[in-house]
Each structure stands twice: as C-alpha cells, then as structure tokens.
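Read top to bottom, the protein sequences are chains A and B.
Residue numbering for the first sequence is 365 to 529, as defined by the numbering used here.
Residue numbering for the second sequence is 555 to 1138, as defined by the numbering used here.
Quick reminder that beta carbons are idealized off the backbone N, C-alpha and C, glycines included.
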Amino acid sequence: MSSSTEPQPEKKIHLRSSDGESFEIGEVVALESVTIKHMIEDGCADTIIPLPNVTAKILSKVIEYCSRHVAVAEGGVALGERVVDDELKAFDKEFVNVDQHTLFELILAANYLNIKNLLDLTCQTVADSIKDKSVEEVRKIFNIENDYTEEEEEEIRKEYAWAFK
Amino acid sequence: MAYAFPEEVLEHVFSFLSCDKDRNSVSLVCKSWYELERWSRHRVFIGNCYAASPEILIRRFPEVRALEMKGKPHFADFNLVPEGWGAYVYPWIVAMSTAYPLLEEIRLKRMVVSDECLVLISKSFKNFKVLVLTSCEGFTADGLASIAANCRNLRELDLKESDMDDISGQWLSHFPDSYTSLVSLNISCLLSEVVFSTLERLIARSPNLRILRLNRSVPLEKLPNLLRRAPQLVELGVGSYTHEVRNDTFSNLVSAFSALKQIRDLSGFWDVAPAYLPAIYPLCSGITSLNLSYGTIQSPELINIVSQCSNLQRLWVLDHIEDSGLEAVAMSCKDLQELRVFPSEPYRVEPNVSLTEQGLVSVSHGCTKLQSVLYFCRRMSNAALVSIARNRPNLIRFRLCILEPRVPDYLTNQPLDSGFGAIVEICKDLQRLSLSGLLTDQCFKYIGTYAKKLEMLSIAFAGDSDLGLHHVLSGCHSLRKLEIRDSPFGDKALLANAAKLETMRSLWMSNCPVSFGACKLLGQKMPRLNVEVIDERGPPESRPQECPVEKLYIYRTVAGRRRDFPGYVCTINDDSISPVRFSG
C-alpha cells in the first residue's frame, strides 16, 4: 500500500496469447475477466500471464470489448444510464458481426476468461442463429454428426409433437 | 471440425432459447445435446393431459419450474362433456410434489382441481409463485385458504371462469399479514361476497399489485377505497357498477379512476347504472383492452365509450352494441385487433337488438388490424362474408355463431358455402374457424382446398355426407383440433382418414352417425390413438354394432390408454375393449 498522496499510475497487466504475442492492458480492463482477477489476487500477475487457450487474434478482440465497456461505464456516469446503454448496444451489435468461427472462438475465450457480459452477448448471438432453424441446419452450423438412428429420432419427434405441444 | 463447447457453454446458449420448437430442434441434433437440453428445460406445455403422463414428463424433464396443461375438450364449455369424464390434475400434482420441489408456476385449463391438489401444492413447493385456473372445477374455499396461507411467494392467483359456486370469500383472510408479494388477483367468478375490509387490507399491503379483477359483490361505492390503495394498477376488473345516483359517489369514483395513471385493461361492469359510466371516460384513451360483456349497457352509452377508445386493441361486448355501435368502433378504434360480440338473449328467437351482419362488415372495413373475431348474430349473407374476407385478408381467427342452426343466407336463401369459401380462400393465414348457418359439403370442399394453415375447426349442424368430413381431413394439412356436433359425418370418412388422426391433437364428434363398429375398427387399426366412446345409454355392446355412438373423442397419446375413466366411457385399444363399468 502506497503512502504517497499522488495518484498512482495505473498498474499494467501483461498477457501472452497462445501464439506468443504479448499484450499490455490496464488493470481495470483486466479485472473484467474473473479468471485474471483471481490470478491477480493470487499474486501471479507480477510477471506475464500466459493464456494458452486464446490466440492473439481473439485476445485482441476480447481486450477491445473489455476496454470499450470499461471506458463507456466510466465516462457514462455523467451522461446517464440510457445513453450508456444505447452506445454499448450499438458497439455490441457490431462486435458480434463476425464470421461464425470467430464467434465460436470468442465464446470459448469468454468462458475461459470468465467475462460474463461477453459470454452472454456471444451466447445470445449463437442462440439467435439457432432460432427457427431446422435440426439439419443446426447440425450444419455446429458441424455435429447425427448419432440417432432413424427410429430413435422418430420417437423423439413424436414425443414432442404429441405430448409437449 | 466439430466445436468442442464445454457443457456449461452449450447450456448457456440454450438458456436464450425460449421457444419450445427451438428447444426441440436442439434436442434432436444429437444425443448429448438431448441430454443437456432436457436438464435445462424449465417451462413445459402439455396440450392434452392424456397425451402424456406424469411419469413421462418427469423422466424427460427433471427440472421443470413451470407447467401449463389443458384437460377437457373445448366442447366441454357447451356442456357436451358429461360430469366425471376426467382431466384430474391430482396424479400430476402428487408426482411433481416429489420430483419438482422448485416448481413455481402451474397453469391449468378445463381440469378438475380438488382441494387435495391445492393443499398439496401449497405444502410442496416452497417457491410457488403462479396459479392460474381457467375454466377449472372441483375446489372449494378450503383449498384456496391453503394456498393463501402457505404460499409465501405467491405472485399470481387467477381463477378465471372457474366454477366457484358455493365458495365463500372467507379464504382471502388466510393471506398472512406478512404477505406482500401479490401482483395479480382474479376473483371475478367468485359468486359469493367477500369481506371488504379483508380485501382492502390485502390490497393495501400489495405494492406490486398490477392486475385486480374483483367479483360482482364488490359494491361500486366502495371501489374508490380499493383503487386509492392501488394507483399502480394496469388491469382492473370492477365489480357491480350500480348505485343510487349520488354526486359524492360519482365524484369519488372520478377522482379514484383519474389516479390510475397506468391503466390499460378494464373489465367487470355487472349491473350497470348508466349515470356512472362517464366516470371512466378519462381512462378511455389509454385503454387497450375493454371487456363490457358481463352487464347490460345500451348502444348510445357504448358509443360514448368506444368513441373515446382510440387505442383499443381488444373489445368484448354484448350485442347491445348493435350495428350503430360497431360503426362507431370502426371509426374510432383504428388499432382494434380482436372483437368479440356475445348474445344478450341467446335463446330468444326474435332479435332483441339491432345487431346484424352489417356491424361486423363495418368493423372489418374500418379496423385494418383486425385479426380475431368471435361474433354471435341472428342472420348472415354470403355477400357480407365475401366483403369481410376482402376487407380483412389478414384474419387469423374467425368464429361466426349464427344462433339458430342451419340458417341460410337471408337475402338469397342459399347455403353460406360461398361466403365461408371466400373467408378461407382470401384469409390465407387463417388458423381458427367456427362455422354456422346452412352449409353443404361444398363448404367443406372449399375448406379442404384453401385452409392450409387452419389449425382448429368447429362444425355444428353442417354438411350433407361423409364427403364433407373427408374434404377436411384430407385437405387441411395444418389441422390440430377438430370438433363436430350434430352433422351427418360417419364411418367412411373417419376410417379412410385414420392416419390423419395421428397428425392431430384431437377429434371430437357428438351426435354424428359414427357406429360403434367403426370405432372398434379405428381403435384396432390405430393403436397409438385413444378412441373413447362416450355413451350414457349404457355399454355399447348391448346395442347393434351399426348403432351410432353418442359421443366420440379421439386423441393421439404416448401414454397409452388412460385408466381413470368413468363407466360411460369405453376406450378401445389394440384387440381388446376395456371392461365397461356401469356408473351407479
């Protein structure tokens, strides 16, 4: 704890992506990630924090998201909640306007780094892409192989249509 | 490359899917998704309680928090389903009391709900929040008292249109003084008196109360006392709306109403004294839903009211509104989506009011957003029906009830085939249709040809032969519910379209020439259907096979034959006919 009356320069946190790139971010932004927050609390953050599950491309996007949300939250106190809300909504919408692969990588990163609002945003976006789609279309989106037999599939379809509709 | 999403991530994605259809698609993707989805499905809808069973529900969905279920067929509303037929919710409550301790919401329609059910609900589910009983029966004040006393987190108690004969209002006093979470209370069907001070205290300690529907016994002069304690109300059903004419009563009412800044929905209004109607005028422009179908209000007063309801979306009214009143609606209520006009004297042969097909034609012309119609009247013409269809191709629900059966077009004396034909041909998104008047098989040919989105069809005293039924069953690809009474449809069409019945929720036929022999054949041919013969004359075997059955109810089910049927019901499955028990 410092005894100085001067405001301390913001502590910097150093992250390294899975493909070896280094990122330096302010502590406030880093704290958006509960995973990193715990590491800081455990005293692991004095050196570089390696993130073996997140590539540089995705990490830079995550940092962009967190930085923006922190900045708007701080700056918006004077402007009022509604303005903050609208601005973030517009940013979020543009942020998830990416190809599916990137979106899925963002979900995994948000989950690993435990960033709640980013996880909610990306999961909602994926859920929206599932809405009103057929089963086959959903399988294609997620590249999942059907492991039902025809009879099993028919049985489940029937149970839904007859009992739960 | 398949994406290896951790389970908790997939579950999180699924949590944003509210629609059952999407959740069901998700469960069909692959086996691991099926598992994940079923553990995270918290809201379940069962359209026919006998199409499933408590065991099937609990086995598939272990974490249900909200159940909505329907029991008796729709024609039960017209007393066509005899007493004791079934739809008992008790076995479901028993099973859920152990399987779903976190259950929060139960919504039931046309089911028998005993006091034991209510007591069990109140004792088993610590977080119980919502109880909606629509057109239910079987409970008394004791059951309601248990709910009031024990459900500390109750938010909604809605007893709409339920049978509440002989239930006193005492149970309201069982809400403890510490209970403050009430959001919605509908006791409009309670016939007996309530202790006013109990009601007043309950409302006074319910800061979140948004919906309040009072019963007839709450007197008008006391209404301001209640309203003053709940200025945040959004939906209000007043009680009796009459009192001797007094200035102070009127001004109290006006000031109480004007404090309701958020009111959107008004109903109640039994026994109306016209002098008090102007008290609601200041509320009219904010109202989106208005139900004036309980009390007698004459056309001029109704016109005064509706002319000010510029934002009205739903209007339920008695035929006292007359054609002139509906013209006023057409001019003033440009956002109207739903209109229901009920008969004030349905058993009277001569018209008591000047309400004809013209009223409906006016509304169809003036209200461009009109989607849903229920209209009782005494005469109709093909020309009017064609106009209505042309005016409103966006109709989704069209239920026409000409009071006298088999009434022809009053102008031409012809059947109303071409009129209804226009409705189904032009209104391409029509989901629900109720027919009336003189109709031949031709009408059903039109329906089978054009009504491709039709999900529910009600037929009474219509058609010439089996061909009519055949047109419907073979042509209406989206049909889910079909109910028929007193029409000449029989064995041939039914057996020829047996497979169709597995694509529908249910079929009801009463007083139609369907023989017991055909029912047996159908039951044997289609083992996954429950074929119920309802005949109060005694066991069907005691009559010739060709003899028509009184009533027939057929529905698909994954639960097999039900066991809780009364003696006058004979269920047919496989090669066996269930032992017929005579009810004493």
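Considering only beta carbons, no part of the region 1000-1033 of chain B lies closer than 9 angstroms to chain A. Ranking B:Arg664, B:Tyr654, B:Gly849, B:Leu662 by CA distance to the CA of lysine 677 of chain B puts B:Tyr654 first.
Cβ-Cβ separation between arginine 595 of chain B and phenylalanine 615 of chain B: approximately 5 angstroms, consistent with a contact (criterion under 8 angstroms).
Each residue's CA atom was taken as its position, placing valine 499 of chain A and serine 397 of chain A some 34 angstroms apart. Residues of chain B with a Cβ closer than 9 angstroms to the Cβ of isoleucine 412 of chain A do not exist; the shortest Cβ-Cβ separation is about 26 angstroms.
The bridge partners DSSP lists for asparagine 740 of chain B are B:Asp712, B:Arg767. Of the residues A:Glu516, A:Lys376, A:Gln464, A:Ala474, the one whose Cα lies closest to the Cα of threonine 411 of chain A is A:Lys376. Chain B places a beta carbon closer than 8 angstroms to that of glutamate 509 of chain A, counting this residue as a contact. DSSP places arginine 503 of chain A in the uninterrupted alpha helix (DSSP H) bounded by 499-506. For alanine 527 of chain A, the residues of chain B that pass the 7 angstroms Cβ criterion are Ile600, Ala605, Ala606, Ile610, Val1112, in the order they occur in the chain. Valine 915 of chain B places its beta carbon 8 angstroms or farther from that of aspartate 873 of chain B. Bounds of the beta strand (DSSP E) holding isoleucine 1013 of chain B are 1010-1014. Here DSSP, grouped into helix, strand and coil, assigns aspartate 819 of chain B to strand. The three-state reading of DSSP puts methionine 650 of chain B in helix, counting H, G and I together. In the same chain as glycine 723 of chain B, and ignoring 5 residues on each side of it, the C-beta atoms closer than 7 angstroms to its own belong to Leu744, Ser746, Glu747, Val748, Val749, in chain order. Scanning the region 1086-1111 of chain B for uninterrupted alpha helix (DSSP H) segments of 4 residues or longer gives nothing; none is fully contained.
Residues are counted here when their Cβ sits less than 7 angstroms from a Cβ of chain A; for the region 845-862 of chain B the count is zero. Going by beta carbons, aspartate 889 of chain B and asparagine 865 of chain B fall inside the 8 angstroms limit. Secondary-structure assignment with DSSP links leucine 1036 of chain B through a beta bridge to B:Leu1011, B:Leu1061. Not flagged as an interface residue toward chain B: isoleucine 427 of chain A, since no C-beta distance is shorter than 8 angstroms. For lysine 497 of chain A, the residues of chain B that pass the 7 angstroms Cβ criterion are Ser579, in the order they occur in the chain. C-alpha of isoleucine 956 of chain B to C-alpha of leucine 1033 of chain B: approximately 23 angstroms in a straight line. Apart from sequence neighbours up to five positions away, the residues of its chain that approach threonine 1003 of chain B with a beta-carbon distance below 7 angstroms are Gly1029, ordered along the chain. No Cβ of chain A is located within less than 8 angstroms of the beta carbon of proline 636 of chain B. Closest option to valine 871 of chain B, judged by alpha-carbon separation, among B:Cys863, B:Phe896, B:Thr1111, B:Ala1005: B:Phe896. Glycine 791 of chain B sits in a strand when the DSSP states are folded into three classes.
At a cut-off of 8 angstroms, the C-beta of valine 563 of chain B has a neighbouring C-beta in chain A. For glutamine 464 of chain A, the closest alpha carbon among the candidates A:Ser493, A:Tyr476, A:Glu516 is that of A:Ser493.
No Cβ of chain B is located within less than 8 angstroms of the beta carbon of leucine 379 of chain A.
Relative to alanine 1005 of chain B, the option among B:Ala976, B:Phe1015, B:Glu589, B:Leu708 whose CA is nearest is B:Ala976.
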